[in-house]
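Chains as they are written, first to last, in our numbering: chain H, 1 to 516; chain R, 1001 to 1403.
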Amino acid sequence: MKISSRKSYKNKKKTPTNDSTASILDDRQLNLELQENLRILKHEFGNTTDLIIRKFVIGSPKSIEIAAIYMEGLADDELINEFITHSHSLMVESTELLEIENNQIAYIQNIFNFLKEISLTIGKTTVTSYWKDVIPSLLDGNTIVLFDGSHDVLNISTVGGNYRAISEPTTQAVVRGSKEGFIESISSNIVMIRRRVKNEKLRIEKMKIGEVSNTDVAIMYIEGFVKDQTLVEVKQKLEKIDTNAILESNHIEELIQEKALTPFPTVSSTERPDQLSRSLLEGKIAIFVEGTPFALVIPSVFSDFLKSSEDYTLSYAISSLIRILRYISFHFSIFSSPIYIAIVTYHHEIIPTNFLISLIAQRQGVPYPVIIEALLLEFTFEILREAGIRIPRAIGPTISIAGALVIGEAAVSAGLVSPTMTIVVALTAISNFAIPSYSMANATRILRFTFMLLASFSGLYGVTLGYLLMIAHLCKLRSFGSHYLSPFSPFYLSGNQDAILRFPFSLLDNKSKENN
Amino acid sequence: MKIKWMMKIISLLLCFIFINIFLTGCWSQRELGDISMVTSIGVDKIPNEDAYLFTFQIIIPSQVSPVKGGGGEQAPVTIISQKGKTLFEAIRGASQKAPNQLFFPHARLFVFSEDVAKDGLGDFWDMLERDHEIRPLTTIFITKGSKAKTILTIMTPIEKMPSDSLLEESKLAEKRLAFTTRVDIDDTIKAIATPGKEPFMGGVEMIGNSQAAQADNIKQAEPKAIIKANAIALFYGEKLQGWLKDGSARGLLWVLGKVKSTVMNVPCKNKEDFINVEILNSKAQIHPQIKNGRPKMQVTIDTEASIGETSCFIDLTDSEEIVRIQERVGKQIKKEADEAIHIAQKYKSDVFGFGTIIYRSYPGEWKKWESSWKDHFKEMEVEVKANVYIRRSGLRNKPLQNK
């Protein structure tokens, strides 16, 4: 048997092959002639109808042709209208420029400067003369003002457009607490954080990732809290990303995270600004991706996935108890079915006599061994879960109730499954939903099936060995330099104040100040 | 290059090692439907043969469990009898009569008939200890006056499983009346292994007519036959020697300090009526002494009691009265303990563990007496003192009737 070496399948880039692509990327300056520039621009965009070109003339008696170009919907129309209106006022005052009429270049330069002054009242303005600045800027929603007879263009920041309104986060809901959730626009999201952490040390760095999509990605951290090493590592990894498009934050999550083969997530995502602010204050780095309301938080360790912002809005006593409940339900979610399978298949001595008697009675008619029954039920439940995502809201609840009742009852009466198995599967399913982080809940789904197989072959012995293996794996796992099981595994007392139990705020306040 | 090749070999080896996990298949898997739960085992002697008759009482789950209501007239248990020289042989032999494999970890009781016990139980200790499915905390009973198989065929009205019924009966009797005790394999083996101590076991008898008692035993209000946990069997080594009944059984428990609660009747001054006293707890202390080169034991029993019922007039506010009652109760206790010791000495069966106490306190003397301890035990002088403290008298001080 030959072992073939693994080929590395990187994201094969597919950039649109176009002869004049080179012209955008290299340092070509704009033409002096307006018409020529417009022709090149239209050609680049393929005469797309949402590239708006508004031409007007300024100046008298010698008029200069000026074109304002922007993308419909990405730029704010009102600002542009205002700019054009203001710039027409030049017509009235054009007498001032008659003197230097003879000097064409100076004339154009004057008009240029005048319009630049006007544009400063509209938005941030830069001057450029290279195509490689112009086209990305247009796609960001800025306005480009071209002058006939000049290389230079005005690049005015007029980003606008419609976004979804700020609404309640759909996945991480809390009872008492902020009901704001992130939306798809990075600037809005950044503002939400800025409102909560009003500190000048809150740093933001923007970059564009994705050859074709040029998606905006922003890194946010609080200087002095974050570890420099981690920051450097994150930036390096982001820069190394070589792909066509970033359409969701998960894409970045997968490309950034540890190369280890693990079902456990090492990067957590959140839709809530209050949770994100808390993470920033712990020294973590946030990554925003334009188009996704989920921000990534790096580094994330095991205890982070079992925390919820609800813990901080309730009293410390109840939230500590609920956290303990979450840890227990994490274990239930993985081990309920496997332990049931192991005990009923191999270890009948452990079961109390009376319960064993009713188990035997229940299983009288069931045709196949426990493992098959368990796999069947778990599999059916996964199908139900997946289908439930796509069921239209109107009939969703009806179908789920009817489905659960009917399937459960009918299957039991028909003698296909035993009632105890249904209870175990239901318990597993419910404890899966008690885990706050969806990515961690998915990890448990994967592990559960592995443990069920182990249990069916080697009973409790196998399950215990598997558990030890899992813990060993977790101990070795690292998330950007932090141990995955900290603060439990490299045990430090201060970290444990907020890991399982939540100490009252009076004891929590002196947490990591400037740490590095 | 070489390292890359080695890594490939290592990863291949690791893959093979992990696949091994699945090669075991479902090794010791037993399906729930394939096991027959045995809850009691009975051993009888077959006359004129060198074999025993083993009886296994098997639960029928659908009749016992409330889940899949069995309906129908089937009894909750069924029994399988099998001849065999050893227990193992019988178990395998029983596979001819049972559709499922017999499953022993949930067996609660062993019932040996008197004949088997008189012949000696030594044959069985090895099997009971060695087998991994039989728990060392399984209780042992010796039948008194009937065969083990008969005991196992009787259905019980209150508890669906007869083995549970018998077990709970003996536990309750030990705790509330102290006329019998509950001994398991573990205790017995400890007693055998300890020098200077003999084992004893609880007894079970059948009251009623076993012929008439079949499945309809529980169909009417008054069952035709019931199983009763009663008496204590005394052993010397592996052979049954004799029985301690009623008061003397309690006497044994007094000396061992195992009486948790019981009731005693003491006569009133007029000798006709009785005062009923409830014992709340008891302790016993045994002091060994050597007198004239012979062993002597001093047993002190301390109990607390309360007045349960009286049919004669006593004024319980009178402290003299209380002291008198205490004395009378003490005398009764002493009488019972003396009786127990007397009977045990008659059978030369040192169930009290006096030998062990001598062994611990006077090892030198013990070495001399060890080999013939049973004779020494028989001649031993035992002094019993009983102290009773009446704590409460219920809700009344003076009874209703006047003298």
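No residue lacks a Cβ here, since even glycine has one placed at the ideal position from N, Cα and C.
Item, Value
"Test: Leu1014/R CB closer than 7 Å to a CB of chain H", "no"
"Buried versus exposed call for Tyr163/H [16 or more other C-beta atoms within 10 Å across all chains shown]", "exposed"
"At least 3 beta-carbon pairs within less than 8 Å: the segment 1079-1096 of chain R vs the segment 370-386 of chain H", "no"
"Proximal chain H residues relative to Arg1030/R, where beta-carbon distance stays under 8 Å", "Thr345, Tyr346 and His348"
"Residue-level contact to chain R via CB, Phe457/H, 7 Å cutoff", "yes"
"Three-state class that DSSP yields for Ile435/H in the structure shown", "coil"
"Asp148/H beta carbon less than 7 Å from that of Ile64/H", "yes"
"Whole-angstrom distance between His88/H and Leu281/H, CA atom to CA atom", "50 Å"
"Backbone secondary structure at Tyr461/H - three-state DSSP", "helix"
"Between the CA atoms of Ile1333/R and Gln1298/R - distance to the nearest angstrom", "15 Å"
"Secondary structure of Ala22/H, DSSP reduced to three states", "Residue placement at Ala22/H cannot be trusted, given a pLDDT of 47 that sits under 50; what the coordinates show is reported in the next sentence. Helix, per DSSP."
"C-beta neighbour in chain R for Arg363/H, strict 7 Å", "yes"
"Cβ separation of Ala1305/R and Glu1272/R, assumed to be a contact under 8 Å, to the nearest whole Å", "Not quite, the Cβ-Cβ distance comes to about 22 Å (not below 8 Å), so this is no contact."
"Residues of the segment 1091-1106 of chain R whose Cβ lies closer than 8 Å to any Cβ of chain H, in chain order", "Phe1103, Pro1105 and His1106"
"Members of the segment 365-380 of chain H that neighbour chain R once the beta carbon cut-off is set at 7 Å", "Pro369"
"Candidates Val424/H, Ile395/H, Ala394/H and Gly396/H, of which the one nearest Gly408/H by Cα", "Val424/H"
"Contacts around Gly365/H, its chain only, beta-carbon distance under 8 Å, and the 5 residues preceding and following it disregarded", "Gly415"
"Close-in-space but distant-in-sequence residues of the same chain around Ala1107/R (CB under 7 Å, 5 per side omitted)", "Val1038, Thr1039, Ser1040, Ile1041, Ile1134 and Thr1138"
"Buried or exposed (CB count within 10 angstroms, at least 16 for buried), Arg1392/R", "exposed"
"Near-chain R residues of the segment 492-512 of chain H - C-beta to any C-beta below 8 Å", "none"
"Counted within 10 angstroms of its Cβ, other Cβ atoms place Asp1315/R as buried (16 or more) or exposed", "exposed"
"For Ile1421/R, the nearest candidate out of Ile1154/R, Lys1374/R and Val1064/R (CA to CA)", "With chain R represented from 1001 up to 1403, any question about residue 1421/R goes unanswered, as that position is not in the structure."
"Per-residue DSSP class, three states only, for Lys1368/R", "helix"
"Rounded separation between Asp1164/R and Gly1202/R - CA only", "15 Å"
"Glu1238/R versus Tyr1359/R: straight-line alpha-carbon distance, rounded", "21 Å"
"Neighbour list for Leu359/H in chain R, Cβ cutoff strictly below 7 Å", "Leu1032"
"Cβ pair count under 8 Å reaching 3, the segment 448-462 of chain H against the segment 272-288 of chain H", "no"
"Outcome for Leu30/H when other beta-carbon atoms lying within 10 angstroms are tallied against a minimum of 16", "buried"
"Selection from Val1255/R, Arg1328/R and Leu1256/R that minimises the alpha carbon distance to Asn1276/R", "Arg1328/R"
"Span of the beta strand (DSSP E) around Phe1112/R", "Leu1109 to Phe1112"
"Backbone secondary structure at Gly1289/R - three-state DSSP", "Reading the sequence as shown, one finds Gln at residue 1289/R and not Gly. Gln1289/R: strand per DSSP, three-state reduction."
"Any chain R beta carbon closer than 7 Å to Thr262/H", "no"
"Three-way DSSP call (helix, strand, coil) for Ile246/H in this model", "coil"
"Own chain residues within Cβ distance below 7 Å of Ser506/H, not counting five before or after", "none"
"As assigned by DSSP and simplified to three states, the class of Tyr107/H", "helix"
"Same chain only: Cβ atoms within 6 Å of Val217/H, ignoring 5 sequence neighbours per side", "Met207, Ile209 and Val289"
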